[in-house]
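See below for the structure under consideration.
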Amino acid sequence: MQYANEEKDLDAVTHDYLSAGYSVYWASPDDFSNDRFRIEEMVVAFDQQAETAFAASWADPPEIDPPEEYLERFVNSEPLTFTDPNPDCNHTWKYGGSDLHDRDFCNHCRLERWKDTAVEAYIYDKSTIKTSSDLADRTAQAAFEQREKEKKKEDHQHVWEPRGENRYRCRCGARLKEHKGEEIISNDPFEDFSEMTTTDPQYCDHIWEREDGCMRCISCGLEDPL
Numbered sequence: 001m002q003y004a005n006e007e008k009d010l011d012a013v014t015h016d017y018l019s020a021g022y023s024v025y026w027a028s029p030d031d032f033s034n035d036r037f038r039i040e041e042m043v044v045a046f047d048q049q050a051e052t053a054f055a056a057s058w059a060d061p062p063e064i065d066p067p068e069e070y071l072e073r074f075v076n077s078e079p080l081t082f083t084d085p086n087p088d089c090n091h092t093w094k095y096g097g098s099d100l101h102d103r104d105f106c107n108h109c110r111l112e113r114w115k116d117t118a119v120e121a122y123i124y125d126k127s128t129i130k131t132s133s134d135l136a137d138r139t140a141q142a143a144f145e146q147r148e149k150e151k152k153k154e155d156h157q158h159v160w161e162p163r164g165e166n167r168y169r170c171r172c173g174a175r176l177k178e179h180k181g182e183e184i185i186s187n188d189p190f191e192d193f194s195e196m197t198t199t200d201p202q203y204c205d206h207i208w209e210r211e212d213g214c215m216r217c218i219s220c221g222l223e224d225p226l
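Each residue of the sequence shown is one higher than the last, beginning at 1 in the working numbering.
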């Protein structure tokens, strides 16, 4: 039993005691008479599981924010945070981010995290986030390099998908522009065509799986080297 004065961090103290197996009751001035502690008030609080009573048998330690100074122990602590740096993403976590097997990564934004057991909290590495434009550029570049490597099979038939007015894109990365009754095709997604533009070079909402030495999209098979 402790007195809940204003200088105490109630959540932190409660967390520490419950984690060590001790029940906690926070007393207020109403729990005291002139000459004694009114123990019956404490008994009622535990029976009713009041906000001031925490029994080790049924109460979980309250969540507390780890001290930010803890991150300074890491060599490169600047991009590290205890708070999700990309909360707008509907994260889908997979095991095996980056080249560290103890990390998770998000299938969508590639944000990486790991659970630090010393503070019982996730640490996020915000430097690993890939924006939509980053993923689009990496996708187009990887597709172009793959085509150059394989020299494109002669029997490939483009399947054009609309990418704006008179503009189309094939899943292989090639672009088509209808201009003055003619079809202009570029096999290089980064070639500067004065008459040809695209709104978005990304053609797949990638879902990444880790493989030896690379990440592979299970939808389109694109490889992204680590």
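Each residue gets a CB set at the ideal place from its N, CA and C atoms; glycine is no exception.
When Lys177, Glu209, Pro87 and Val24 are compared, the shortest CA-CA separation from Pro61 is found for Val24. When the Cα atoms are used, Gln141 and Ser77 turn out to be separated by approximately 31 angstroms. Non-local C-beta neighbours of Glu41 in its own chain, meaning closer than 6 angstroms and more than five positions away in sequence, comprise Asp31, ordered along the chain.
Across the structure, Ala45 and Glu63 are spaced so that their CA atoms are roughly 21 angstroms apart.
Residue pairing from DSSP leaves Pro87 without any beta-bridge partner. The alpha carbon of Ser19 has as its nearest neighbour, out of Ala174, Lys177, Glu120 and Val43, the alpha carbon of Glu120. Its Cα nearest to that of Trp26, the residue Leu10 stands out among Lys115, Asp104, Leu10 and Tyr168. By the C-beta density criterion, Asp47 is exposed, having fewer than 16 other C-beta atoms within 10 angstroms. In this model, Thr131 and Lys115 are separated by some 24 angstroms (Cα to Cα). Remark: C-beta atoms of Pro66 and Phe54 do not approach each other more closely than 8 angstroms. DSSP places Val24 inside the beta strand (DSSP E), whose first and last residues are Val24 to Ala27. Excluding its 5 nearest sequence neighbours in each direction, Arg113 has C-beta neighbours in its own chain below 6 angstroms: Asp104, Tyr122 and Tyr124, listed in chain order. For Phe105, no alpha helix (DSSP H) run applies; the uninterrupted beta strand (DSSP E) run containing it begins and ends at Asp104 to Cys106, by DSSP. In the three-state DSSP reduction, Asp116 falls in the strand class (E or B).
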